[in-house]
Amino acid sequence: MQIRLARESDLPHLPEIERSAASAFEGRDIPAWLLTDASPTDAWRPHLAAGTLWVAEIEDAPVGYLAGRVEGQRLHIDEVDVLRSHQGKGIGRGLLDTAAAYARTHGLAALSLTTFRNVPWNAPFYASFGFREWDPEDAPASIRQALAYEAAKGLADRCAMIMEL
C-alpha cells in the first residue's frame with residue numbers, strides 16, 4: 039500500500055470508495071441515503087488544491103482516501119473512506135498517520151473530526167488512534183454547526199473528536 043497526495047485523476051474514484059465504505063453501515067440505524075449517496079467529486083477540489091487530500095493505493099488502484107482542511111490550528115478531517123474489501127488492513131490508520139504528519143509538519147496543534155459515537159470502526163477506532171470525544175461546549179462554533187447539520191440530516195449518535203498533537 040502507498041499513500042500519496044491525490045491527483046485530479048483520482049477524483050472520479052472517490053464516490054465509489056465512499057459508497058463502498060458506507061456499505062459497512064448496512065443493518066444499522068442510519069438514513070437510507072447514507073448507503074447510496076456520495077459526495078460529488080467537486081466537493082474534494084478545494085482539498086486537492088490545498089494539498090490536504092490523500093489517496094491510499096494498492097497496485098496503482100485507489101482503495102481509500104482522507105480529505106482534510108486546515109481550520110485555525112487544526113486539521114479537520116472531513117472524510118476518510120476505505121473500500122469495504124480493504125477495510126481492517128491498516129489503510130485507515132495509514133491515512134490518519136499521514137494526516138497527523140502533515141499537521142505536525144505545518145505547525146498545527148490538533149486533528150479533529152465528527153463521527154458515529156458507538157460504531158466500532160468510528161469513535162472507538164479513532165480513540166485507539168489517540169482521539170478523545172470533544173465536548174461541544176468546548177469546541178469552536180464550526181464543530182457545533184457540523185454536529186447540528188449532521189443531526190438535521192438524520193445522523194444520530196454523532197460526536198466530535200479531537201487529538202492534540
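Start counting the sequence shown at 39; every next residue gets the next number (this note's numbering).
No residue lacks a Cβ here, since even glycine has one placed at the ideal position from N, Cα and C.
key: 8 Å Cβ cutoff met for ILE55 and TYR103   = TYR103 is positioned such that its CB atom lies closer than 8 Å to that of ILE55.
message = Just to confirm my understanding: we take ALA147, look at its own chain, exclude 5 residues before and 5 after, and list those with CB closer than 7 Å. What are they?
response = For ALA147, same chain residues with a beta-carbon under 7 Å away, outside a window of 5 residues either side, are GLN111, ARG112, GLU202 and LEU203 in chain order.
Chain-order list of residues whose beta-carbon lies under 8 Å from that of MET199 (same chain, five-residue window excluded) = Excluding residues up to 5 positions away in sequence, SER150, LEU151, THR152, THR153, ALA161, TYR164, ALA165, PHE169, ARG170, GLU171 and TRP172 lie with their Cβ nearer than 8 Å to the Cβ of MET199 in the same chain.
ask   = Is GLN183 helix, strand or coil by DSSP?
value = Residue state, collapsed to three classes: helix.
key: Uninterrupted beta strand (DSSP E) stretches inside the region 111-177 (no shorter than 3 residues)   = Runs found: 112-120, 148-154 and 170-172.
ask   = PRO50: beta carbon under 7 Å from a heavy atom of the ligand MG?
value = Absence of the ligand MG is noted for the structure shown, with no ligands found whatsoever.
Identity of the residue in ILE181, SER180, PRO158 and LEU185 nearest TRP66 by Cα = Residue 66 is actually Arg in this sequence, not Trp. PRO158 is the residue among ILE181, SER180, PRO158 and LEU185 whose C-alpha sits nearest the C-alpha of ARG66.
request  = Leaving out five residues on either side along the sequence, give the residues of the same chain with a beta carbon under 8 Å from the beta carbon of ARG42.
outcome  = Taking C-beta separations shorter than 8 Å and ignoring five residues to either side along the sequence, the partners of ARG42 in its chain run TRP92, VAL93 and GLU95, following chain order.
key: Between the CA atoms of ALA81 and PRO53 - distance to the nearest angstrom   = When the Cα atoms are used, PRO53 and ALA81 turn out to be separated by approximately 10 Å.
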